[in-house]
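Here's the structure, in structure tokens; my notes come after.
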Amino acid sequence: MSRKLISIAVLAMMMLALALPVTSQSMGEVVPPIIVHSVTQAERPIEYETTRLVVENMRELGLEVEHRAIPWAQLIDEIWYSRTEESSAADRPFQMTHWRMVGRPERSDPDEFTYNLFHSSVRDGGYNFIGYNNPEYDALAEAQRVEVADKEARLGIICEAQQVIRHDMVNAYFIHPLTPQVVNTAVFNPDSITTQAGIGVHNFWTWIGIEPTTDDKTLITSTTSFLNSFNPLEIAGDAPSRVTEMTWDRLMRINPIGVPEPWAAESVVWEDQLNVVVTLREGMKWHDGEDVQSDDAAYSFEAALAGTMQTKDGEERFQPEAPDYYPFASNVANIEIIDDLSLRFTLNTPSAAFETSSLAKLNLIPKHIWEPIINDLLTQDDADVDSIQEEIPIGSGPFKYVAFDVNEFVYLEAFEDHWARPNIDAWIMNVLPNQEATLGQIQAGEMNFLWEWPGDPGVLQSIVDDNEHLDLFSAISIGMNYFAFNVRYAPFDDVTFRQAVAHTIPQQFIIDNIFNGLAAPADSFVSAALEYWRQCDDLPTYDFSIEGARALLEGAGYSWDDDGRLHYPAG
Amino acid sequence: MTILSIRDLKVNYATQDGTVQAVDGVSLDLEEGQHLGLIGESGCGKTTLLKAIVQVLPRNGEIVSGEIKFQGMDLLKLPPAEMRQLRWREIATIPQASMDSLNPVQRVGSQLTKLLRVRGGYHKKAARKRAVDLFDMVGLDTERLMHYPHEFSGGMKQRAVIAMALALEPSLLIADEPVTALDVIVQHQILEVLRQLERELNLTVMLITHDISVVAQVCDSVSVMYAGRIVEEARSEPFFTSPAHPYSLGLQQAFPNLARPRDVLVSIEGYPPDLREPPSGCRFAERCPFVQDDCHETDPQLEAVGDGRLAACLRSSEMDSLRIQAEDPTLWQNVEVAQYPHPKPLPHKEGGASVAETNGGTAASASPSLPVGEGAGGWGDESSDILLEMNDVSKQFKIGGGLSGLLRGDKEQTVYAVNNISFTLRRGESLGLAGESGCGKSTTGKLLVKLLDASQGSIVFDGDDLSAVDDRELLGFRSRVQLMFQNPFEALNPRFTLYRSLTEPLIIHGWKDESERLQRVVETLDRVNLRPAEVFLDKYPHQLSGGQLQRVVLARALVLHPDFLVADEPVSMLDVSVRAGILNTTRRLARELGLATVYISHDLSLLQYTCDRIAIMYLGEIVEIGPSNEVINNPQHPYTQALIAAVPVPDPTMENPPLRIREGVPRPTEQFIGCPFAQRCPEAMEACLEIRPPVIGDERGHQAQCHLYGEHRESPPLNRDAELAR
Amino acid sequence: MQQEASVRGEPPGKAKMEFRQGSALRQLWETNLEVFQRDKMALFGLFIFAVFAIVAVFAPQIAPNDPLTPLKNNEGDWIKDAMPYWLAQPGEDEAEGYVNNFLLGTTNIGRDIYSQLIHGSRSALLVGFSAAAAVAVIGTVVGLLAGYYGGWVDAILMRAADVAFGIPFIPFIIVVSAFLDPSIWNVVVAMAALLWRDTGRVIRSQVLVIKEQAFVSAARVSGASDLRIIFVYIAPSILPLSFLYGSFAIAWAILTEASVSFLGFSDPETISWGFMLQDAFNSLALSREAFYWIVPPGLCIMLTVMAGFFIGRGYEEVLFPRLRRM
Amino acid sequence: MSRGVAYYILGRFLQSVMVLWIIVTLLFLLFRLAPSNPLASYIDTTFTKQQEAALLARFGLDKPLGEQYIIYLVNLLKLDLGDTFSYSGKTVLDILGADLPNTIYLTLTSLLLAYAVGVLGGIVMAAMRGSAFERIGTTFTLMTRAAPQFWVGMLLLTFFAFQWKLLPSSGIGPPMVRYRWETEWDKLMSPVFWRHMILPTFTLALYLHGLPLLLMRSNMLEVLDQDYVTMSRLAGYSEWRVMIQTAARNAMLPVLTALTLGIGYSIGGNVVIEHVFSWPGLGRTLVRAVQQADYPLAQGAFFLIAVIIVFMNFIADILYSLLDPRVGASAQAQVS
């Protein structure tokens, strides 16, 4: 009996011993199935189709790939909240996803992307959801922030950062969209339209500079997304940002080539790395007729910094009242009012991006209106500025409030007392999620400035071709589309594997077929639109080539079994 | 003066299966002030005739030829608008099923005033006044004008419809089955109203009915319709004493008559001919016991036969002798057998049947001709001991209670359906339960077969208390007790063949062998005179007539060889001509098989015919019980007296005494301390309200529960006004 | 029970027996047959379903192309917005480097519309029939239990029906399909979770009527058990009603699935007609005047839904003869 | 009103409240167990853990489920539907309050149109039973009921808005006009508003008219068979009176109930139409809220629609019991 058992055991062990070296020598384990996320086709068809295409190519590498298309809100949940082991979705951490960053004026400075996307400090809670952790890179990201004085030196650091990211292939950038915009040139002088680098023609400079050619000096535009707030202390999305930047002035504004320049400030003078003196223009007025003074400017930053300490689950936490703007003001250590028009900012640490991401970012708000509101909020536990909607928003910008209906429309008119009074009399933005309706309106003249187009660019092109009075403008966006890899886990923890996947992205085909030519190839988180910051040596390239990908994998020890399935390197 | 004159009227219906000649050459004269009764079985064209007169035939109906003259006007040539004007101003029609003839969502009063205003040209005020008068005239409380039809009882609705019909003072009133489906007391009251109105308004009336006793009460002349033809016309008296057509003869003898009870009722078996292809000879020939060869060839015409009578029969000259022959029910019975020719009649059927049926003596004494005692559940006649005992049985229903009732806003109410009834039933005995609708007789029937469980009291069946049986015992009980239903059209599963319906009880009771089951089914069908049985096995219920269906229902009840049968209104849905057949067969089989039977019916004459004993129920209580003849001929309880007085007698010479009680059984939602009947009782005394009446009985088992015979008989009469004021 | 002596001749043959035993089923079959014999429209509805069913089963064989893969021309680019060949300008396709044999053209990214249409019949029928089956089964069981047992069973089930009646239908489907993974099965489950309410109520009231009929009492008096009464006596009588509501449920389910897909809450990997319309709408087919893209899916939805209606009405006319056309 | 009817109404009301409570509970569970994250609409490059916790606290999502449920119920009783995630400075009630009138205008106008056409059509169909006209008419009606609403809307849009440019394609009016509508009354008085309403109303009515038409037709056929109709013929009333005053009046009752129920169901079912025509109503808001994972808003919209449906079901029952005296205090109206 026992003898029989023993002989069986011995036999089994012999077989195992024979088998083991064979498998371990030739190949490792099979690469497990991969899930690639994207939003649904209904939400953004372009992203869905792109993902589909790449997924099919990845399958040719011998991978088992599932394309998981889910609504944006759910996507956020599965990507954003499943990055660590402790997360609720830990049993299925995300592996690879299509992602999109949109262009905004404040992103004209590379700091935000350089730091916030990849620094290891924002790995657990911030935007570094891919889990990139590279001390060498962290050093670069920190260094570029401090390098205030020497722009060239900063460029060098940023180029190096781009090199690192491109080599490590943490995000596979493939395109910067060309934002197509259509202007009715029968009512506007096309020469008066300004193109802002990385943003397009729908920018502040166009809004104040565009020249109407008829008596009806109303600019009507539309958005397909949400127009859900009209609040100088909240960042609620793309469309509301347009509205706030026009209604509230800023000390500086990003100029058409992407560089901050004084706006409401007469001058911005750096006394040293930490101190900057700002002097306001004379004679500026709030929309309610009050004067704009330095204490208003100071309060605009103080409001962003306002907050209370709150205890939650035994943990003390600072709770800002304007959480959206707090990060942009948090580097300010002190504000000193010099006189009615000038004030001095003292920073905690040197910051090269201070002008772009703070002075040109924060809206100037009237102290006499906001101080009572903020003070009231400070006494409440669970309310912040997001819960505030002014009856009639008061700013000092070139446009002032006329009417606002949440997610329906906003109606602004030119502020007569502004030193840079716009050429148009009224600016209207409709919410039109229905793309057909958008097209119908721009053709019928019900709308004369189409600034946002998430749909098929080809259709827009054909409409413009058919209508003499319509002109199509397009500019490379600061934003980009890319595939993000969760570098925490296999197989995407392997740089070679990521590089191989990058080779499966048919960049040109996507541009030609999916974007109908309205996209520029991307290879970095810094858009080609930001010409200055792209003056780097050639970044590594990843041409579309399945063979190239296979060769890369083979070189790293990956192998394929008889069924064509990809296996990890042995050992 | 002739008010209505119909000449050779022919009406056809176009159906998918061919043209039905529903009225085929009818001629009829109606003199002013005449009260004509038009009688006949259903489907013989009575209602079609009516619809033709007022020209409201359905779309597929067509008047092919003939002439209808009303006061000299040819109605058929009248433009539709003028015809419309005539309706209800000159010719008022009370449609069949007048229960549903009132618009359910309008107050009765406003329907009446609307009629008066739109059709009669009355002004608002005048219309209202006239409406009040009319309600008075038909004996309705004028408060009722504000009520909706659903708040009316059947009799009240009928009165309201009569009021509407008379609203425009027509010269001719045609009423189609005005009292059918009404309780006997209500029926009596309505006929009273009609009679009274006939007198007061000097109306000309044409009354359509299948019930010859109604005709006898209200009409002075009779026309008998059969298969689209008129076969006899006569004044009432000669008609009822000496009918001149075999069909009339049969109809007359098919009716039970309280005044002159018969031992055996006549049943005119078979059906009227298919009117798509009417026979070339006499249309009644198929069912006629006096049929001769030439009847099938020669179509008899309506001819004078003396006494101012007309009859359409080849043998009308021999009618006097035929009438005497017709007194013998076997004559008609032969027709029944002939209807289902059997190649090889079963030996035990012969003789036994006729003996039992002509014998009419006390129940259990009739010797059954079947082999006796075939094991458990077999049909035995072991002794005349007690089979069933009801001891103080009560049944209450709660309505509108419970969570959902509360949420629906229903207030819980208790309905005292059956209150403390007790009686015993011996093996082989037959008991009749009678009373108006709502008196609890059907509930009692359901308690007896354990379709319902008693709330209080005990029902002991063959020594077992029914409330304590377990599932196995219950199954045993189920095999011994059966129920026969009122409506044969509903009593059989429409999706089952007859074989399936009949075999179901056997399957349930564990008869595994298919051939045994088949044999039992065939045998039982045979027993209820459905022969040859095989013909019926594969049929579906809708392929059979009502009479045949009721026989199938009877067969299903008997297929398990029960000891006890409850028959709930077994013939009320059937035509008069076939009723007798069912009753005869049931009665015969019960006697042959020693079956104890409880008949439930509102028809006392029927119960007198079928039952050894009769129990009269009122508001859930038995107010009188006793041997049939005793109860009918010597009623003790005022209620029984009223019920008997209300039964119309098919004899125009006998007029019913006026009733002293009002129609309408109160809803049994309260329990009475005293006598439940006190409120309606003409004899009520003060004691009746306060003290429960004693049960007084004689040695023959005739008991009544009434103070009139007890110690409180001297109690002062009830002051009803004071009572109402209370 | 003891066997009685055979009074009569031989019992009839075995075959005939079986025929009689299956009579309830046969009757049911005959009712169904009657519906389609009597009502030409119902027959037409059945024909439509049959055609779509065949198309659905053989979709991969019938469809010339994969419905989801964009077609490529000789140069490897997608054949976008190709017109149906019978509408296209001659020679246009050669210039673009492909042979136009597309019956209904291609989408804006080069998917074959005709193939999508063929494959769409699969999800339509799948959704339609599975939802209808679920609705009919749940509704029938609920109706039978509530109607037969009454009391608290009835109270609970009918309150549940009230709740189902109070829940907004389309919003509920949207929320459920948004919260669960996009899949037509979730849509089916969500629909079934609400749609049983009509069937349940109607069948309940029908059961209440049938329950009171004498033949049911007769069965009880004969000793039949509750289960036997429910399934042998009552159920066959209400089954045509279940079919009626089932056929209507097919129609509603297909329509609802189309709506939900149109709003973008469906599984993009499963082609359905609603999804096609959503795709067309979001891809601006209206502006392109691509009627060959918009019209066919809508027509298909309409046809299948009407087929459900026709069959339902056929049942209605047999069950409720008063509605019958003369 | 008799006491019985009063009891009936009270009972139905209590029942409706209970039904609503169950729905509300289901709704709560549905949304709490939903997979999407409520913070999705806030994610930005500057989003921090701190902010996340603050947001969760702000919407009370950090409390235990039971506690959240109680708070939720209490808030509902106070008619507080909470704050939206994605619309700043507005409560759910603000948003829905602005949407509700638009949905109601659209629904009521379409329903009235549909029922007027449907009832008349139903009478005509019943009167012309068996004719070719009836066959074609009912088939057409069935087609309108079978065609997906959004598809019909799309086709109508293509022709009336895009091709012929006769009618506006979406929304309720351009902002230049809309900002002058200070009250709902201003809006209703504006021809621009009604012009925008034509297409969606027509699309909806085209779909909705089928139910009353078919219902009216079959009710008429049933009523015409009733004895009281025969009776009014016998009574010599003119055919017009018989058809309209007696038959149509009685046949209307279930149609009126259907109309009442229809108000509830249409408000919940307009989602698709509102989507196609960008009609700023409850349905569109609901869809967008679900897409955006704006729970309080989606939940609030769902709740509001459910309230309207339950309320309308309640009204339908009451109406039926008032209109049809037979449905007394004990009968449960079996309509719908």
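Going down the list, the protein sequences come from chains A, B, C and D.
Heads up: the first sequence begins at 1113 in our numbering, then just goes up one per residue.
Heads up: the second sequence begins at 69 in our numbering, then just goes up one per residue.
Heads up: the third sequence begins at 15 in our numbering, then just goes up one per residue.
Heads up: the fourth sequence begins at 398 in our numbering, then just goes up one per residue.
Cβ coordinates follow ideal geometry from the N, Cα and C atoms, glycine included.
Your pair B/S669 and B/A502 checks out as a contact, with CB atoms roughly 6 angstroms apart and the cut at 8 angstroms.
Annotation for B/I700: the continuous alpha helix (DSSP H) segment containing it runs 696 to 701. Relative to the Cα of B/R619, the nearest Cα in the group B/H629, B/G500, B/T654 belongs to B/T654. Less than 8 angstroms divides the Cβ of C/L277 from the Cβ of D/H672. In the three-state reduction of the DSSP assignment, B/T708 falls in the helix class. Contact between the region 1329 to 1344 of chain A and the region 1538 to 1545 of chain A is present, with at least three C-beta pairs closer than 8 angstroms.
If the five residues before and after D/L618 are omitted, its C-beta is found closer than 8 angstroms to the C-beta atoms of A523, R526, all from its own chain and listed in chain order. Under a 10 Å Cβ-count criterion, A/D1408 is classified as buried, with 16 or more other Cβ atoms of the shown protein chains found around its own Cβ.
Within chain C, the residues whose beta carbon sits less than 8 angstroms from that of B/L551 are S231, A232, V235, listed in sequence order. Rounded to whole angstroms, the Cβ separation of D/Q696 and D/F428 is 5 angstroms, and the two are in contact under 8 angstroms.
DSSP, read as helix, strand or coil, puts C/P254 in helix.
Contact between D/L430 and C/P185 is ruled out by a C-beta separation of about 17 angstroms, above the 8 angstroms threshold. By the Cβ rule, the region 61 to 78 of chain C does not count as touching the region 402 to 410 of chain D, because fewer than three pairs are nearer than 8 angstroms. Going by DSSP, A/S1454 is part of the beta strand (DSSP E) stretching over 1454 to 1459.
For B/R588 and B/A664, the gap between their C-alpha atoms comes out near 21 angstroms. A/N1542 has a beta carbon lying within less than 8 angstroms of a beta carbon in chain D.
C/F245 sits in a helix when the DSSP states are folded into three classes. In the three-state scheme derived from DSSP, where H, G and I count as helix and E and B as strand, C/L101 is classed as coil.
At a C-beta separation below 8 angstroms, B/D643 has no neighbours in chain D, since its nearest C-beta there lies roughly 21 angstroms away. Any Cβ of chain C closer than 8 angstroms to the Cβ of D/V684 would place that residue at the interface, and such an atom is present. Taking each of B/P163, B/A199, B/M214, B/Y190 in turn and checking the Cα distance to B/R175, the smallest one comes out for B/M214. Remark: three or more beta-carbon pairs, one from each stretch, lie closer than 8 angstroms, so the region 1275 to 1291 of chain A and the region 1587 to 1607 of chain A are flagged as touching. Counting C-beta pairs with one atom in each stretch, the region 323 to 330 of chain C and the region 1177 to 1187 of chain A have fewer than three that are closer than 8 angstroms, which means they do not touch. Any Cβ of chain C closer than 8 angstroms to the Cβ of D/A703 would place that residue at the interface, and such an atom is present.
When secondary structure is reduced to three states using DSSP, B/Y190 falls in the coil class, being assigned neither helix nor strand. Counting only Cβ-Cβ distances below 7 angstroms, C/Q227 has contacts in chain B at E558, in chain order.
Listed in chain order, the non-local C-beta contacts of A/I1623 below 7 angstroms within the same chain comprise I1287, G1629, A1631, P1633, local neighbours out to five positions each way being set aside. DSSP, read as helix, strand or coil, puts D/D691 in coil. Between the region 637 to 650 of chain B and the region 287 to 299 of chain B, the count of Cβ pairs shorter than 8 angstroms is below three; the stretches do not touch. In terms of Cα proximity to B/A713, the closest of B/T721, B/P703, B/P720 is B/P703.
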